[in-house]
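Undergrad: The structure that follows is given in the form of structure tokens.
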Amino acid sequence: MKISDFELYKSLLYDKSGLVITPDKSYLLDSRLTPIAKKWNYATLEAMTLHLRALPDEKLIKDIVEAMTTNETSFFRDTKPFTIFQETILPVLLEKRKTKRTLRIWCAACSSGQEPYSLAMILKEKEAELRGWRIEIVATDISDEILDQAKRASYTQFEVQRGLPIQYLMKYFMQIGEAWQLKDEIRNMIRFSNFNLLDSMSRLGTFDIVFCRNVLIYFDEKNKRTILEKIAGQLENDGFLLLGGAETVLGITDKFAPNPEKRGLYVKTQAAKEGSSSATGSATGSSTSGSSAGSTRPIGSGLTTGLFKRT
Amino acid sequence: MKTCLVVDDSRVVRKVARRILEDLRFNCEEAEDGQQAYEFCSTAMPEVILLDWNMPVMSGIEFLEKLRQMPSGDTPRVVFCTTENDMSHIQRAMMAGANEYIMKPFDTDIIKSKFIQIGLIDDE
């Protein structure tokens, strides 16, 4: 690919999705966009690039962005975050929300659905304990194509073997020909929608748990910060954030602090809690007066669980 | 070091499995059919058995049923690894006391993720 063409795609992807493409990944542009050129009836990728320069078609741009997103995922990917969800997060929130009896979970960048469905299966297993609770799992992705795939919830033999315990396969899937179809009782637990992480998150509402794993790695530091701080704004003060193994908040934002014992698990810092509970207050405002007026729950409630040792 | 007994009548499959298991730091032993596996287990119980279904002399499911009757026969984790990929075979295997089930073809990722799930290796 010519350098000028590379630059065109680089800035296009950055503007539309925040995706950062480095020169060493320019082969990805060739391999993933050639099929798009074919789909749009261009003889070559160069021909498509030429038209894109002259007359940028929004639909074509959308296809390009979708083609360049990475959809690597699996059921119970990395195992540990799901153990943390089940053994650390759920017990705390089930106690804290026992009068309200609602939980809202967001899987940001859900790809073909394995992450939200894994959470749904965990919750289904706890059906008896959760009777009377309203639990909502919102799963979003920037790609319509991958969301359609997620909604279909039909997986290959290969996909159902990576990370999915055989008991769950037997319980929650039906074999249809060569494919494994997730049953409606699990599919119906997820609400899928298209969402670009660079957009305003307020329409999504507030969440108790946010899974945002293995997506920030594709963004530059500025966008990482913006996204994390927006997530802080949508997360309840005593909520939990899970990031991927190669991701961190350190050096990026002071809105979240890592749990030293549970890798990938983050909670809002005092500064973030004050920021969201008294948005109009002064930046250095005291945490003892005034700030509780706009807050629905007492500041510092997240510290009483004993889970997080802070000094 | 934990021992994994690979039971498969295909020399190629045993070789591939051995390479993967040794990478996962298992000591690997081999058996060509259920009867050989049974004889192996009579001498020493391995920590884990990777078990094919269709084999001459004694099939995998027959071996598993016998294994679970043996003294200490409940200790090895048994992971089926077979081309039988329909629900009825899976259900039958689990009823007979299998701990996990792999549908061939398999690769390192699949074996690793199944071994993590049944607690044979740590997820790091």
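In order, the protein sequence lines correspond to chains A and B. Residue numbers for the first sequence follow the numbering used here, so the first one is 409 and each next one is one higher. Residue numbers for the second sequence follow the numbering used here, so the first one is 6 and each next one is one higher. Virtual Cβ for every residue (Gly too), placed ideally from N, Cα, C.
Of all Cβ atoms in chain A, is any one closer than 9 angstroms to the Cβ of Gln96 (chain B)?
TA: For the purposes of this step, residue 96 (chain B) is taken as the residue at position 91 of the second sequence. Yes, Gln96 (chain B) lies at the interface with chain A (some Cβ there is under 9 angstroms from its Cβ).
Undergrad: Any idea which residues DSSP pairs Pro666 (chain A) with across the strands?
TA: By 1-based counting over the first sequence, the position of residue 666 (chain A) is 258. Pro666 (chain A) is bridged to A:Tyr674.
Undergrad: Between the segment 585-601 of chain A and the segment 621-635 of chain A, do three or more beta carbon pairs fall short of 8 angstroms?
TA: No: fewer than three Cβ pairs fall under 8 angstroms.
Undergrad: Would you kindly work out how many angstroms separate the C-alpha atoms of Ser77 (chain B) and Thr481 (chain A), rounded to a whole number?
TA: Sequence index remark: in the second sequence, residue 77 (chain B) carries index 72 (1-based). Sequence index remark: in the first sequence, residue 481 (chain A) carries index 73 (1-based). Cα to Cα, the separation comes out at about 39 angstroms.
Undergrad: Distance, Cα to Cα, Leu612 (chain A) vs Gln642 (chain A)?
TA: To locate residue 612 (chain A), count along the first sequence from 1; it is residue 204. To locate residue 642 (chain A), count along the first sequence from 1; it is residue 234. Between Leu612 (chain A) and Gln642 (chain A), the C-alpha separation is close to 8 angstroms.
Undergrad: Relative to the C-alpha of Gly521 (chain A), which candidate in A:Ser562, A:Lys532, A:Leu538 has its C-alpha closest?
TA: Here residue 521 (chain A) refers to the residue found at position 113 when the first sequence is read from its first residue. The shortest C-alpha separation from Gly521 (chain A) is found at A:Ser562.
Undergrad: Return the CA-CA distance between Thr452 (chain A) and Met409 (chain A), expressed in angstroms with no decimal places.
TA: Residue 452 (chain A) sits at position 44 when you count from the first residue of the first sequence. Residue 409 (chain A) sits at position 1 when you count from the first residue of the first sequence. Roughly 12 angstroms separates the two Cα atoms.
Undergrad: Identify whether Phe490 (chain A) lies in helix, strand or coil by the three-state DSSP scheme.
TA: One-based indexing of the first sequence puts residue 490 (chain A) at position 82. Helix, per DSSP.
Undergrad: Report buried or exposed for Pro499 (chain A), applying the criterion of at least 16 other Cβ atoms within 10 angstroms of its Cβ.
TA: Position 91 of the first sequence, counting from 1, holds the residue named residue 499 (chain A). It is exposed - the Cβ of Pro499 (chain A) has fewer than 16 other Cβ atoms within 10 Å.
Undergrad: Use the C-beta contact count for Ala462 (chain A): other C-beta atoms within 10 angstroms, 16 or more gives buried, fewer gives exposed.
TA: To locate residue 462 (chain A), count along the first sequence from 1; it is residue 54. That one is exposed.
Undergrad: Excluding the 5 residues preceding and the 5 following Gly426 (chain A) in the sequence, name in chain order all residues of the same chain whose CB lies nearer than 6 angstroms to its CB.
TA: Translated into positions along the first sequence, residue 426 (chain A) becomes position 18. Once the five neighbours on either side are set aside, the close Cβ partners of Gly426 (chain A) are Leu606, Phe627, Asn631.
Undergrad: Asn59 (chain B) touches chain A at which residues, Cβ-Cβ below 9 angstroms?
TA: The count along the second sequence starts at 1 and reaches residue 59 (chain B) at position 54. Simply none; closest approach about 18 angstroms.
Undergrad: In its own chain, which residues sit with a C-beta less than 6 angstroms from the C-beta of Val473 (chain A), not counting the 5 before and 5 after it?
TA: Along the first sequence, one-based indexing puts residue 473 (chain A) at 65. So the list reads Lys424, Ser425, once near-sequence residues are dropped.
Undergrad: In angstroms, rounded to a whole number, what distance separates the CA positions of Lys663 (chain A) and Gln583 (chain A)?
TA: Here the question's residue 663 (chain A) lines up with position 255 in the first sequence. Here the question's residue 583 (chain A) lines up with position 175 in the first sequence. Each residue's Cα considered, the two are about 45 angstroms apart.
Undergrad: I want to verify the contact list: residues of chain A whose CB lies under 9 angstroms from the CB of Gln122 (chain B), in sequence order.
TA: Here residue 122 (chain B) is taken as the residue at index 117 of the second sequence, counted from 1. Within 9 angstroms Cβ-Cβ: Phe484, Thr487, Gly571, Leu572, Pro573, Ile574.
Undergrad: Quick check on the burial criterion: 16 or more other C-beta atoms within 10 angstroms. Buried or exposed for Arg570 (chain A)?
TA: Position 162 of the first sequence holds residue 570 (chain A). Buried is the call here.
Undergrad: Hey, could you find the ends of the alpha helix (DSSP H) Arg440 (chain A) is sitting in?
TA: Residue 440 (chain A) sits at position 32 when you count from the first residue of the first sequence. Unbroken alpha helix (DSSP H) run through Arg440 (chain A): 434-447.
Undergrad: Looking only at C-alpha atoms, which of B:Gly39, B:Leu56, B:Arg30, B:Asn104 sits nearest to Thr2 (chain B)?
TA: Residue 2 (chain B) lies beyond the range of chain B shown here (6 to 129); nothing can be said about it.
Undergrad: Going along the chain, which residues of its own chain have a beta-carbon closer than 8 angstroms to the beta-carbon of Ala654 (chain A), five neighbours each way excluded?
TA: Residue 654 (chain A) sits at position 246 when you count from the first residue of the first sequence. So the list reads Asn622, Ile625, once near-sequence residues are dropped.
Undergrad: What three-state label does DSSP hand Glu567 (chain A) in the structure shown?
TA: Numbered from 1 along the first sequence, position 159 holds the residue referred to as residue 567 (chain A). Helix, per DSSP.
Undergrad: Helix, strand or coil: how does DSSP classify Gly683 (chain A) here?
TA: Here residue 683 (chain A) refers to the residue found at position 275 of the first sequence. It is helical.
Undergrad: Given Lys579 (chain A), which residues of its chain have a CB within under 7 angstroms of its CB, disregarding the five upstream and five downstream residues?
TA: For the purposes of this step, residue 579 (chain A) is taken as the residue at position 171 of the first sequence. Taken in chain order, the list of residues that qualify is empty.
Undergrad: Need the endpoints of the alpha helix (DSSP H) that Phe68 (chain B) sits in, please.
TA: Here the question's residue 68 (chain B) lines up with position 63 in the second sequence. Note, Phe68 (chain B): alpha helix (DSSP H), 65-72.
Undergrad: What residues from the segment 87-114 of chain B come within 9 angstroms of chain A, judged by C-beta to C-beta, listed N to C?
TA: So the list reads Asn90, Asp91, Met92, Ile95, Gln96, Ala98, Met99, Ala103, Asn104, Glu105, Tyr106, Ile107, Met108, Pro110, Phe111, Asp112, Asp114, given in the order they occur along the chain.
Undergrad: At 8 angstroms on the CB atoms, spell out the chain A contacts of Asp128 (chain B), in chain order.
TA: Your numbering for residue 128 (chain B) matches position 123 in the second sequence. Within chain A, the residues near Asp128 (chain B) are Asp486, Thr487, Lys488.
Undergrad: Ser419 (chain A) lies in the alpha helix (DSSP H); which residues open and close that run?
TA: Taking the first residue of the first sequence as position 1, residue 419 (chain A) is located at position 11. Residues 411-425.
Undergrad: DSSP beta-bridge partners for Ser601 (chain A)?
TA: Walking along the first sequence from the start, residue 601 (chain A) turns up at place 193. DSSP, once it has assigned bridges, lists A:Thr548 as partnering Ser601 (chain A).
Undergrad: When you compare only the Cα positions, how much space is there between Ser412 (chain A) and Thr564 (chain A)?
TA: Counting from one through the first sequence, the residue named residue 412 (chain A) turns up at place 4. Counting from one through the first sequence, the residue named residue 564 (chain A) turns up at place 156. So the alpha carbons of these two residues sit roughly 39 angstroms apart.
Undergrad: Taking 9 angstroms as the cut-off, decide whether the C-beta atoms of Pro489 (chain A) and Leu673 (chain A) are in contact.
TA: Here residue 489 (chain A) corresponds to residue number 81 of the first sequence, with the count starting at 1. Here residue 673 (chain A) corresponds to residue number 265 of the first sequence, with the count starting at 1. Contact flag set, yes.
Undergrad: Output the distance between the C-alpha atoms of Leu10 (chain B) and Asn449 (chain A), rounded to the nearest integer angstrom.
TA: As a working mapping, residue 10 (chain B) is identified with position 5 in the second sequence. As a working mapping, residue 449 (chain A) is identified with position 41 in the first sequence. Taking the straight line joining both Cα atoms gives about 54 angstroms.
Undergrad: Does the beta carbon of Ser15 (chain B) come closer than 9 angstroms to any beta carbon on chain A?
TA: Against the second sequence, residue 15 (chain B) aligns to sequence position 10. No, Ser15 (chain B) lies away from the interface with chain A (no Cβ there is under 9 angstroms from its Cβ).
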